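Colleague: Input: one structure, supplied below.
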Amino acid sequence: MSENQNLLAEQRRALILDEVRRRGGVRVNELTRKLGVSDMTVRRDLDALARQGVLEKVHGGAVPVVEASTHEPGFEAKSGLELTAKEDIARAAARLVAPGSAIALSGGTTTYALAHHLVDVPDLTVVTNSVRVADVFHTAQRTSGQRQGAATVVLTGGVRTPSDSLVGPVADQAIAALHFDVLFLGVHGISAEAGLSTPNLAEAETNRRLVQSARRVVVVADHTKWGVVGLSSFATLEQVDTLVTDAGLPPGARAEIAEHLRLVVAGEPSQEAPQEPAQEPAGSAEPVEEPAG
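Encoded structure:
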């Protein structure tokens, strides 16, 4: 029996997507042999990936979706994708936040999930250019009252993007005057060659300012973001301290990423890690960390 038969559905689909992107297309019978699963299982996986919009089914197999590098999905379109992965990532990333620290959260559905795990961390100062993230803290404070230790939230101004982020010169100027212990950054795409990228030019510039103002940069991105390249790059992998991703990331991608930065894989069986203070250098234990090199 192939060891791939024991893979979780998300891990198996990540391997399929990686194969499609790497080879430019695969056939169903090739995937059944490679993964050691039935024809019906592969077809269900292809249906699920096609619904996510990350590949296109063709007769007998699948090919990559040819998507313009300027295409920017809206918040609602992205919010229903990879829900389990985003929740795993959010829980793991929240353990990196120490009470009393100054953090920044960029726009995105994964940082939005993270915000829900941070509302009870005392005495945070949260800077964000995400209307959705700011609303999470505002709603929590409105429903529970102005309790002691509630977060102080600073929402930058700017022009609203389809993903409900505020970008442009107003946001850039506000961010440039600030300094964060740690930045949690959502991304449209991440790759070894292009680094972190987005289809929105103004958002790219605002993200550059966020990176420049942070002592530490933590990217929160599910496995489907690996290998995706948007119109504009705004940071290299060397500018990132930690990537928190999910168990769907294929082994080859894990090894490649770990050559550049610290990799934390959430959602895999592991001992619970102690909280790492945001102001301390990277080095303490975290959930399922891939060794560099």
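Per our numbering, the sequence shown runs over residues 138 to 430.
C-beta atoms are modelled at their ideal positions from N, C-alpha and C, and glycine is treated no differently.
Keep in mind the model is a prediction, meaning the values are calculated, not measured.
1. Classify Ser281 as buried or exposed, calling it buried when 16 or more other Cβ atoms lie within 10 Å of its own Cβ.
2. Can you give me the C-alpha to C-alpha distance between Val234 and Val296, rounded to a whole angstrom?
3. Suppose you measure from the CA of Glu291 to the CA of Asn344; what does that come to, to the nearest Å?
4. Per DSSP, what kind of secondary structure is Thr373 in: helix, strand or coil?
5. So, are the CB atoms of Leu172 and Leu145 less than 8 Å apart?
6. Given this structure, state the Cα-to-Cα distance separating Leu322 from Ile240, to the nearest angstrom.
7. By the 10 Å Cβ neighbour count, where 16 or more other Cβ atoms means buried, how is Ala314 classified, buried or exposed?
8. Would you say Gln376 and Val357 are within 8 Å of each other, going by their C-beta atoms?
9. Taking buried to mean at least 16 other C-beta atoms within 10 Å of its own C-beta, is Glu396 buried or exposed?
10. Per DSSP, Ile394 is paired with what?
11. Relative to the C-alpha of Ala311, which residue among Pro299, Pro201, Phe274 and Asn266 is closest?
12. What would DSSP say about Asp318, mapped onto helix, strand or coil?
13. Since Lys194 sits in a beta bridge, which residues does DSSP pair it with?
14. Run through the DSSP bridge pairs and tell me what Ile327 is partnered with.
15. Considering only DSSP beta bridges, list what Ser267 is partnered with.
16. What do you get for Arg160, buried or exposed, if any count of 16 or more other CB atoms within 10 angstroms of its CB means buried?
17. With distances taken Cα to Cα, identify the nearest neighbour of Ala308 among Leu192, Thr289 and Glu342.
18. State the Cα-Cα distance for the pair Gly190 and Tyr249, rounded to the nearest angstrom.
19. Take Val202 and list the residues in its own chain whose beta-carbon comes closer than 8 Å to its own, dropping the five residues that flank it on each side.
20. Which residues mark the beginning and the end of the beta strand (DSSP E) in which Arg346 is found?
21. Please classify Gln148 as buried or exposed, where buried requires at least 16 neighbouring CB atoms within 10 angstroms.
22. Could you round the C-beta distance between Val163 and Ala199 to whole angstroms and report it? I think they count as a contact, below 8 Å.
Modeller: To lay it out plainly:
1. Looking at its Cβ environment, which holds fewer than 16 other Cβ atoms inside 10 Å, Ser281 is exposed.
2. Roughly 28 Å between the two C-alpha positions.
3. Note on identity: in this sequence residue 291 is Val, with Glu being the wrong assignment. Taking the straight line from one Cα to the other gives about 16 Å.
4. Residue state, collapsed to three classes: coil.
5. For Leu172 and Leu145, no; Cβs fall outside 8 Å.
6. A straight line joining the alpha-carbon of Leu322 with that of Ile240 spans about 11 Å.
7. Result: exposed.
8. Not in contact: Gln376 and Val357 (Cβ atoms no closer than 8 Å).
9. Exposed: under 16 other Cβ atoms inside 10 Å.
10. DSSP, once it has assigned bridges, lists no residue as partnering Ile394.
11. The option with the nearest alpha carbon to Ala311 is Asn266.
12. Look at Asp318 here: in three-state DSSP terms it is strand.
13. Partner residues in the beta bridge of Lys194, as assigned by DSSP, are Ala199.
14. DSSP lists Leu333 and Trp363 as partners of Ile327.
15. Its beta-bridge partners are Ser302.
16. Burial state of Arg160 is exposed, judged by a 10 Å Cβ sphere holding fewer than 16 other Cβ atoms.
17. Comparing Cα positions, the closest option is Glu342.
18. Taking the straight line joining both Cα atoms gives about 21 Å.
19. In its chain, beyond the 5 residues on either side, Gly190, Val191, Leu192 and Glu193 have a beta carbon closer than 8 Å to the beta carbon of Val202.
20. It is not in any beta strand (DSSP E) - Arg346 instead sits in the alpha helix (DSSP H) that spans Leu338 to Gln349.
21. By the 10 Å Cβ count, Gln148 comes out buried.
22. Your pair Val163 and Ala199 checks out as a contact, with CB atoms roughly 6 Å apart and the cut at 8 Å.
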